[in-house]
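These notes concern the structure reproduced below.
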Amino acid sequence: MIILSLLGISVYDVKSIYKNHTKFLLIEGEYINSIDVLLQNYEDEKFIFLGTKESIETHKDTFGNLLKEKNYEFKDYDSDNLNDIFMKIMKVLIDNKDEKILFDITHSFRDSVIMSVISTIVSQIIFKPNLSMIYAKQGNEKKTYTYELVSEDILNTSNIAFILSTFLSTLKVPPLYSKYELYDMLDEFSTHLISNQFRSIYNIDLERLKNYIYNNRDRLFAIKPLLKKFEELLESIEVTKNKEVYEQFLFFADFFTDKDYYVNASAYLIESITYYLGYSFKKLGYINFDLEQYENQQKIVGLLKLSYKKNDFNFPNDYFVDINIDTINRFSTLRESIAKIRHNLAHINIHQDYSKIKEILKEYIEEFNNLIKNRLIEQLDISEEKKIYTVKYKIKMLEQEMKYCLISLNASSAKLTTIVDKYRNSKLDNLTNYNHEKLKRYLENNISRIDTLLENKKNRKLIEVKKELIQEPKSNPVKKATKPLLKPIKIVKKASK
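If you want our numbering, it's the position in the sequence shown, counting the first as 1, plus 3.
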């Protein structure tokens, strides 16, 4: 017969009384732990002990004398790796399938991860005659344990531990032959989470799962730490129920990042930025539409891309966006960076390096939190005084100046960029009705200033602050681009170590 046992984390030099309610050879008496019981009660059987490297060394030191005359083997596993534990246990069972096996799972009840592995084994092979599973159950008296065979209640508790621990790690339920009420509830909860069904999560799943834990707390006392973790998860989601949509989305962006669902996380973070700006502008009275409608949310995106319709917004003046472009750019730059990640993930960019994606998403989440904390939207400049610094205003002044150099010019006849392009290509003759010589001289004197303004507009630098640009002499063109009032935010990815 093979004696298979899991090692505890520690060994204490204190003996307890162990009793026996099984058909196996276990003499009642005082022992240090279940390993001590097995070593002292079995002589010729082969012992296989599974545990972490630390626990193996501790047990070797403690039971060195008892092990001298035994046929034994130690096998280590990674306690944080569910698959490693499962494979190590299954290998022992498969390698010794023709032998009778006594599997002592006493110490699995102190570790929910190990317990979940046991449940999988129990679910698949508990009824095979070659395998018997025992455990030492703590009695009412202090330091008293009684060996018992694994019962149906323990089987159910073990399977529930497996279901819960798998869900907490992956947001999915494992495949099991035996289904449980909790299994079905978690399966639905998983579907609602992954498919973003907020109404079902808040109105159905949370209450139903909380009631299940409350009604089964006593029966599932053995996995109390696991239940507590699950309750904390439910509570963290429930707290967001009455928060603003952008706060809910920001929570789930962080939540899915932690669970390694990066497409979901990036999508939530993108939408959180959109909703936050919409929420903030609505509070300030700057929007003329219902933000709950998806097509209207795109109007916020249009604003960030500077392709918005003026009638969709109630901004204080015509130069409001230009004056506040640096703040708007901070949100736009962040959103575009996250959108690029989501695009690469969703469209399977095989050339992209994803090794740092979790770290990068965490940085973006922190950056967005800081933008909210600093209340930048509430500090937007609503005055019109700075319009003279804006690119829009300067281009307007240029067009007015050019009217004196042209026989006729209005908004419909030619744009500034069109005239500049004709000048660049020496095709001024194609512009009919213009005084070409005056126009050419004007452009020669002002082309640097025009280039600067057009380049700034292209690069979203819609405000300039150099003092000499306030009143520019016509004969004194600007020589170089100027700096914006505030630096746009720069998301810097940390270098790999």
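Glycine included, C-beta positions come from ideal geometry on N, C-alpha and C. Since the structure is predicted, the reported quantities are computational estimates derived from the model, not experimental observations.
- One Cα belongs to Ile-88, the other to Gln-251, and the distance between them is close to 36 Å.
- In this structure, the beta-carbon distance from Lys-100 to Asn-133 falls below 8 Å.
- Taking the C-beta atoms as reference points, Leu-9 is found nearer than 8 Å to Ile-108.
- Tyr-357 counts as exposed, since fewer than 16 other C-beta atoms from the protein chains shown sit within 10 angstroms of its C-beta.
- In the DSSP annotation of this structure, the continuous segment of the beta strand (DSSP E) that includes Tyr-21 starts and ends at 19 to 23.
- Inter-residue distance for His-439 and Thr-336 is about 42 Å (C-alpha atoms, whole angstroms).
- Around the beta-carbon of Ser-198, fewer than 16 other beta-carbon atoms lie within 10 Å, marking it exposed.
- Judged by DSSP secondary structure, Leu-7 falls within the beta strand (DSSP E) whose first and last residues are 5 to 9.
- Within 10 angstroms of the beta-carbon of Met-90 lie fewer than 16 other beta-carbons, which makes it exposed.
- In the DSSP annotation of this structure, the continuous segment of the beta strand (DSSP E) that includes Ile-104 starts and ends at 104 to 107.
- Rounded to the nearest whole angstrom, the C-alpha separation of Ile-398 and Lys-430 is 22 Å.
- Along the length of the segment 161 to 207, whole beta strand (DSSP E) runs at least 3 residues long do not occur.
- With a contact defined as Cβ atoms closer than 8 Å, Ile-276 and Phe-371 qualify at about 6 Å.
- In this structure, Ile-6 lies away from Glu-46, with their beta-carbon atoms at least 8 Å apart.
- The C-alpha of Asn-373 lies about 14 Å from the C-alpha of Leu-364.
- Distance between Tyr-282 and Asp-315, taken at the CA atoms: about 15 Å.
- Annotated three-state conformation of Leu-28 is coil, per DSSP.
- For Glu-388 and Phe-254, the gap between their C-alpha atoms comes out near 39 Å.
- Scanning the segment 242 to 287 for uninterrupted beta strand (DSSP E) segments of 3 residues or longer gives nothing; none is fully contained.
- Just so you know, the alpha carbons of Leu-456 and Glu-404 end up roughly 15 Å apart.
- Two segments are said to touch when three or more pairs of C-beta atoms, one from each, lie closer than 8 Å; by this definition the segment 208 to 216 touches the segment 188 to 198.
- Taken through DSSP and simplified to helix, strand or coil, Phe-52 comes out as strand.
- Taking 8 Å as the cut-off, the beta carbon of Val-17 is found no closer than this to the beta carbon of Thr-65.
- A residue is called buried when at least 16 other Cβ atoms come within 10 angstroms of its Cβ; Lys-286 does not meet this threshold and is exposed.
- Residue Ser-168 holds the alpha-carbon nearest to the alpha-carbon of Pro-228 among Tyr-205, Ile-204 and Ser-168.
- Of the candidates Asp-325, Asn-327, Ile-422 and Ser-451, the residue whose Cα lies closest to the Cα of Leu-442 is Ile-422.
- In chain order, Thr-260, Asp-263 and Tyr-265 place their CB closer than 8 Å to the CB of Lys-361, counting only its own chain and leaving out the 5 sequence neighbours on each side.
- Cα atoms of Lys-103 and Tyr-138: separation of roughly 17 Å, rounded to the nearest angstrom.
- When DSSP states are grouped into helix, strand and coil, Ile-450 belongs to the helix group.
- For Lys-78, DSSP records a beta bridge to Leu-53.
- Counted as a single uninterrupted DSSP element, the beta strand (DSSP E) harbouring Ala-139 occupies residues 134 to 141.
- Judged by pairs of C-beta atoms under 8 Å, the segment 459 to 469 touches the segment 325 to 335, as three or more such pairs exist.
- The C-beta distance from Ile-38 to His-62 rounds to 6 Å, short enough to fall under 8 Å.
- Within 10 angstroms of the beta-carbon of Lys-302 lie 16 or more other beta-carbons, which makes it buried.
- DSSP, read as helix, strand or coil, puts Leu-42 in helix.
- For Phe-316, the beta-bridge partners assigned by DSSP are Ile-290.
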